[in-house]
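Q: Structure in structure tokens, see below.
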Amino acid sequence: LEKYGEILGFKINTDKTKMLVKNITIRNKKELEKVMGLQITKKIKYLGIWLTAKCSTIKEDNYTKLFNQVKKDLEKWGTLQLSLLGRIATIKMNVLPKILYLFQTTPIKLDKNFFRELNRIITKFVWAGKKARIKLKDLQEIVRVEVALGFQIGNYTIRQQYLYGYEIGSI
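Each residue of the sequence shown is one higher than the last, beginning at -2 in the numbering used here.
In structure tokens, the structure reads:
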């Protein structure tokens, strides 16, 4: 690390730098930690995504936490006096980018229950807890219909399947 830092002209802060290891024995972990002088951790947050040594915990560390955060935000924003268009704009500008970023950076297969619950909390927010006046299917049309003024809410299931298929196909 010191040689790397000398060549690039950087100094690595060993107090802040952590290391994530996978498929290594406990004895080798301790030896690596001692030689490198870096702390070994179970997960690292990189560009807003939790990376873990176990692939099975990626969903829990990223998608479940994001779902809970979106749910909490929508409950908080639900108390605001927003029009229907304002609520849809809130979803498009605040919720959708977070979800799509996660789909693009961690292409894992999610069960339909995740999307069902996501649609449920979004629908509840859009209609302010009242009965829907427009079918969810109409709001989720992928083809932009100008009659609907372009205020569509994405179909997350289709987008996630597309992104998952794209990532797997490019490997």
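Note that the Cβ used here is the ideal one computed from N, Cα and C, for glycine as well.
Using only the alpha-carbon positions, how far apart do K31 and T38 sit?
A: Counted from its first residue, the sequence shown places residue 31 at position 34. Counted from its first residue, the sequence shown places residue 38 at position 41. Those two C-alpha atoms are separated by around 14 Å.
Q: Which value, in whole angstroms, describes the spacing of the CA atoms of K15 and W124?
A: Start at 1 with the first residue of the sequence shown, and residue 15 comes out as number 18. Start at 1 with the first residue of the sequence shown, and residue 124 comes out as number 127. Looking at the two C-alpha atoms, the distance is approximately 45 Å.
Q: Looking at the strands, I want to know which residues DSSP matches up with I46.
A: Along the sequence shown, read from residue 1 onward, the residue named residue 46 stands at position 49. Answer is Y43, bridged to I46.
Q: Between the Cα of I41 and the Cα atoms of T54, G34 and D135, which residue gives the shortest distance?
A: The residue labelled residue 41 in the question sits at position 44 within the sequence shown. Each of T54, G34 and D135 was checked against the Cα of I41, and the nearest Cα belongs to T54.
Q: Determine the burial state of F7: buried for a count of at least 16 other Cβ atoms within 10 Å of its Cβ, exposed for fewer.
A: Mapped onto the sequence shown, residue 7 falls at position 10. Under this definition F7 is an exposed residue.
Q: Beta strand (DSSP E) containing I96: first to last residue?
A: Translated into positions along the sequence shown, residue 96 becomes position 99. That residue, I96, is in no beta strand (DSSP E); its alpha helix (DSSP H) goes L93 to T102.
Q: From I118, T49 and N59, pick the residue whose C-alpha is nearest to that of L199; which is it?
A: This structure gives no information on residue 199, because the portion of the chain shown stretches from -2 to 168.
Q: So if DSSP puts I37 in a beta bridge, which residue, or which two residues, is it bridged to?
A: Numbered from 1 along the sequence shown, position 40 holds the residue referred to as residue 37. According to DSSP, which records beta bridges pairwise, I37 is partnered with M16.
Q: Looking only at its own chain, which residues have a Cβ that is under 8 Å from the Cβ of F64, when we skip the five neighbours before and after it?
A: Residue mapping note: residue 64 aligns to position 67 of the sequence shown, counting from 1. Cβ neighbours of F64 beyond the five flanking positions: F111, E114 and L115.
Q: At a cut of 8 Å, does the stretch 119 to 135 reach the stretch 75 to 91 through at least three beta carbon pairs?
A: yes
Q: Do you know how far the Cα of Y43 is from the Cα of I9?
A: Walking along the sequence shown from the start, residue 9 turns up at place 12. Walking along the sequence shown from the start, residue 43 turns up at place 46. Computed Cα separation, rounded: 17 Å.
Q: Taking 7 Å as the limit between beta carbons, can you name the residues of its chain near L172, skipping five residues before and five after?
A: With the chain covering only -2 through 168, there is no way to say anything about residue 172.
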